[in-house]
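J.: In our numbering, the protein residues as written are 387 to 547. Backbone N, C-alpha and C fix where the C-beta goes; we use that ideal spot for every residue, glycine too. Source: prediction; values computed, not measured. Starting off with a structure, shown below.
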Ligand SMILES: [Zn+2]
Ligand SMILES: [Zn+2]
């Protein structure tokens, strides 16, 4: 058992949860996709290699993992959420969301720790923070530059081979 699995197991035990098969499978998906931000569907699809899990089971398990602080949910604003593992070896980062493709990536930004430290001096007991930047990823920036403005997207009249 790797360090990661030990951490998950210890944390679950601490919170009086058992490491059930579905919890282990879902945690394993995060291990196989480090530093990724996954949707519940992506997690279910990745879990298929091991076992078929219903989407409701995936959501329920993610809610428990979120509850005990092992998984963080990022609401990306269009009704979907992405999930990432936030255990001992995860580093603080902020998020960038692409307005065209919905892609999400994390950028390490140590300054957020300074901001938290500053707020503590101000007397705030900071537990968490969320910082999301919206824009276009490099691929989409290039696409928009070559195919004209975004407003032409989906138009039939200028469809070319
Ligand atoms: Zn994009
Ligand atoms: Zn992240």
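1) Could you check how far apart the C-beta atoms of residue 408 and residue 439 are, in whole angstroms? I think they sit under 8 Å.
2) State the DSSP-derived secondary structure class of residue 445, mapped to helix, strand or coil.
3) Using the DSSP secondary-structure output, state which residues sit across from residue 521 in a beta bridge.
4) State the DSSP-derived secondary structure class of residue 513, mapped to helix, strand or coil.
5) Check for me: the alpha helix (DSSP H) holding residue 499 runs from which residue to which?
6) Quick one: what's got a C-beta closer than 7 Å to residue 499's C-beta in the same chain, skipping five residues either side?
7) Report yes if the C-beta of residue 492 is less than 6 Å from at least one heavy atom of ligand 2; otherwise report no.
8) Using C-beta distances below 8 Å, list every residue in its chain close to residue 460, excluding the 5 sequence neighbours before and after it, in chain order.
9) Is residue 410 near ligand 2 - that is, is its Cβ less than 6 Å away from at least one heavy atom of it?
10) Closer than 7 Å between the C-beta and any heavy atom of ligand 1: which residues qualify, listed along the chain?
T.: Judging by the given coordinates:
1) The C-beta distance from residue 408 to residue 439 rounds to 6 Å, short enough to meet the 8 Å contact threshold.
2) For residue 445, the secondary structure class from DSSP, reduced to helix, strand or coil, is helix.
3) Looking at the DSSP assignment, residue 521 forms a beta bridge with 484.
4) Correct three-state label for residue 513: coil.
5) From DSSP, the alpha helix (DSSP H) with residue 499 extends over 497–507.
6) Excluding residues up to 5 positions away in sequence, 478 lie with their Cβ nearer than 7 Å to the Cβ of residue 499 in the same chain.
7) Within the cutoff, so yes.
8) Around residue 460: 423, 467, 468, 469, 470, 481, 490, 516, 518.
9) Checking the Cβ of residue 410 against ligand 2 gives no.
10) Checking every Cβ against the heavy atoms of ligand 1 under 7 Å gives 484, 486, 487, 489, 522, 523, 525, 526.
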